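>
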Amino acid sequence: MSSGTLYIVSTPIGNLEDITLRALRVLKEADFIAAEDTRHTQKLLSHFNIHKNLTSYHDHNKEEKAPVITARLLEGQSAALVSDAGTPGISDPGYYLINMAIRKIIPVVPIPGPTAAIAALSVSGLPTDAFVFEGFLPPKRSQRLLKLDSLKTERRTIILYEAPHKILKTLMDIRDVMGERRVSLSRELTKIHEDTLRGNISDIIRTVESAYGAAGNGESQASRGRSAGIRGEITLIIEGLMGEPLPARAEDPLAIIESLMRDRGLSRKAASAEAARITGLSRKEIYNASLKK
Numbered sequence: 210m211s212s213g214t215l216y217i218v219s220t221p222i223g224n225l226e227d228i229t230l231r232a233l234r235v236l237k238e239a240d241f242i243a244a245e246d247t248r249h250t251q252k253l254l255s256h257f258n259i260h261k262n263l264t265s266y267h268d269h270n271k272e273e274k275a276p277v278i279t280a281r282l283l284e285g286q287s288a289a290l291v292s293d294a295g296t297p298g299i300s301d302p303g304y305y306l307i308n309m310a311i312r313k314i315i316p317v318v319p320i321p322g323p324t325a326a327i328a329a330l331s332v333s334g335l336p337t338d339a340f341v342f343e344g345f346l347p348p349k350r351s352q353r354l355l356k357l358d359s360l361k362t363e364r365r366t367i368i369l370y371e372a373p374h375k376i377l378k379t380l381m382d383i384r385d386v387m388g389e390r391r392v393s394l395s396r397e398l399t400k401i402h403e404d405t406l407r408g409n410i411s412d413i414i415r416t417v418e419s420a421y422g423a424a425g426n427g428e429s430q431a432s433r434g435r436s437a438g439i440r441g442e443i444t445l446i447i448e449g450l451m452g453e454p455l456p457a458r459a460e461d462p463l464a465i466i467e468s469l470m471r472d473r474g475l476s477r478k479a480a481s482a483e484a485a486r487i488t489g490l491s492r493k494e495i496y497n498a499s500l501k502k
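In structure tokens, the structure reads:
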């Protein structure tokens, strides 16, 4: 008996009109659907009048359920793997099942469709010819800072996912480690309240703080998860390192300003703020000195 096929079916990240005709056909024809959240997927199926047997497959049961699903595939059944939104296998447990199927010589077929990372990159205004996807940063700050430190000399555009209640802290950590960069922050992609913020990271931080309220210690209500203003998963696009890497501390702040203005396109004010951060000197004094040079 020949094995069935595991279809990796992309589903909408918000707007249901983004589902493809091929995805709808595969969902209808598959023997069963393996879903990250069966309740969420059932809403999608009901909208398109699809009636199909669902089984749960998520990060907490993947080691138990992957062999069961694989066994059904080996018996000749076909399965459609879906996540809550977007393309399965991208920052979700689909990778575990997909690799098990590949090891068992089961056909694995992609059904392309929406992916938040590519959608956000396409409207970011940042270079798209070379990029690296890093998914979610480590939850612990010490590990997060180490990861960011490893990325600070990355010259390709960087794509990250982040939860809304963590975004302000993450933006601040990125600025502390990587310095002033151009970024694009997209949220609620394809939904009614879709929004993309673009600019230097310091400007984006101020916008987020202003929009969602800043606490006295620099942590906003949004970063503590108490604001209803930021909803949904956030996709953050970060400019890769431009020009030559700057030293951790430099003797000449004016040289830093010139480098930032030339290589990263920063304004004199933004470059002065970054030079002050690097050298520990007064931003105002550095800025005034640069005007006289």
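Using our numbering, the first residue of the sequence shown is number 210, and each one after it goes up by one.
Glycine included, every Cβ here is placed at the ideal spot set by N, Cα and C.
On a predicted model such as this, the values are computed, not experimentally measured, just so you know.
1. Identify every run of the beta strand (DSSP E) within the segment 262-314, keeping only runs that are complete inside it and at least 3 residues long; order them along the chain.
2. Which one of F342, R353, K375 and S351 has the shortest CA to CA distance from E363?
3. Which residue's Cα is closest to the Cα of K349: T379, K274, S292 and S333?
4. Less than 6 Å between C-beta atoms, sequence neighbours within five positions excluded: which residues of the same chain meet that for E245?
5. Using a Cβ-Cβ cut-off of 8 Å (strictly less than) and excluding sequence neighbours within five positions of T324, which residues of its own chain qualify?
6. Bridge partners of F257, per DSSP?
7. My output table needs one value for N497: the three-state DSSP class, helix, strand or coil.
8. By Cβ distance, which residues of its chain are closer than 7 Å to E494, with the 5 residues on each side in sequence left out?
9. So what's D240 in DSSP terms, helix, strand or just coil?
10. From this set, V235, H256 and K237, which residue's C-alpha is nearest E226's C-alpha?
11. Go ahead and label I465 buried or exposed: buried means 16 or more other beta carbons lie within 10 angstroms of its beta carbon, across all protein chains shown.
12. Name the two residues that bound the continuous alpha helix (DSSP H) containing E467.
13. Please return the same chain residues whose Cβ sits closer than 8 Å to the Cβ of V332, not counting the five positions on each side in sequence.
14. CA-CA distance, R492 and L469?
15. Quick one: Cα of L360 to Cα of L463, how far?
16. Can you tell me where the alpha helix (DSSP H) holding S351 begins and where it ends?
17. Taking buried to mean at least 16 other C-beta atoms within 10 Å of its own C-beta, is S351 buried or exposed?
18. Return the residue from the list S287, R471, L398 and T229 that minimises the CA-CA distance to F241.
19. Buried or exposed for A275, going by 16 or more other Cβ atoms inside 10 Å?
20. Between which residues of its own chain and A485 is the CB-CB distance below 7 Å, once the five residues before and five after are set aside?
21. Please classify R312: is it buried, with 16 or more other beta-carbons within 10 angstroms of its beta-carbon, or exposed?
22. When you compare only the Cα positions, how much space is there between I368 and H269?
23. Quick one: give me the first and last residue of the alpha helix (DSSP H) that E483 is part of.
24. Relative to the ligand FAD, is the shortest distance from any of its heavy atoms to the C-beta of G449 smaller than 8 Å?
25. If we call anything under 9 Å between Cβ atoms a contact, is R391 one with L450?
26. Is DSSP giving T214 helix, strand or coil here?
27. Short check: CB of A289 to CB of L236, under 9 Å?
28. Pull up the distance between the alpha-carbon of G303 and that of L475, whole angstroms please.
29. Terminal residues of the continuous alpha helix (DSSP H) containing L380?
30. Exposed or buried, which one is T366 when buried takes at least 16 other CB atoms within 10 Å?
31. For I401, does the count of other Cβ atoms within 10 angstroms reach 16, so buried, or fall short, so exposed?
According to the data block:
1. Within the segment 262-314, the beta strand (DSSP E) runs of at least 3 residues that lie entirely inside it are, in chain order, 263-265 and 288-291.
2. Here the closest residue by C-alpha is F342.
3. When only C-alpha atoms are compared, the closest one is T379.
4. Excluding residues within five positions, the ones whose Cβ falls inside 6 Å are H267, S292 and D293.
5. The beta carbon of T324 sits closer than 8 Å to those of S219, I222, G295, T296 and I299, all from its chain and outside the five residues before and after it, given in chain order.
6. According to DSSP, which records beta bridges pairwise, F257 is partnered with nothing at all.
7. DSSP, read as helix, strand or coil, puts N497 in helix.
8. Only residues of its own chain outside the window of five on either side were considered, and among them none has a CB closer than 7 Å to the CB of E494.
9. Here D240 carries a coil assignment [DSSP, helix/strand/coil].
10. When each option's Cα is compared against that of E226, the closest is H256.
11. Its Cβ being crowded by 16 or more others within 10 Å, I465 is buried.
12. Per DSSP, E467 belongs to the alpha helix (DSSP H) from P462 to D472.
13. Excluding sequence neighbours, V332 sits near S393, S395 and T405.
14. If I take the Cα positions, the gap works out to 14 Å.
15. Spanning the alpha carbons of L360 and L463 requires a straight line of approximately 25 Å.
16. That run of the alpha helix (DSSP H) goes R350 to L360.
17. The residue in question, S351, is exposed, as its Cβ has fewer than 16 Cβ neighbours within 10 Å.
18. Here the closest residue by C-alpha is S287.
19. With 16 or more other Cβ atoms within 10 Å, it is buried.
20. These residues qualify, in order along the chain: S491, R492 and I495.
21. Looking at its Cβ environment, which holds fewer than 16 other Cβ atoms inside 10 Å, R312 is exposed.
22. Cα to Cα, the separation comes out at about 25 Å.
23. Start and end: R477 to T488.
24. With respect to the ligand FAD, the structure offers nothing, as it holds no ligand at all.
25. In this structure, R391 sits away from L450, with a CB-CB distance that is not shorter than 9 Å.
26. Residue state, collapsed to three classes: coil.
27. With respect to L236, A289 sits close: the two C-beta atoms are nearer than 9 Å.
28. Their backbone Cα atoms lie some 41 Å apart in a straight line.
29. Start and end: I376 to M387.
30. Burial call: buried.
31. I401 counts as exposed, since fewer than 16 other beta carbons sit within 10 angstroms of its beta carbon.
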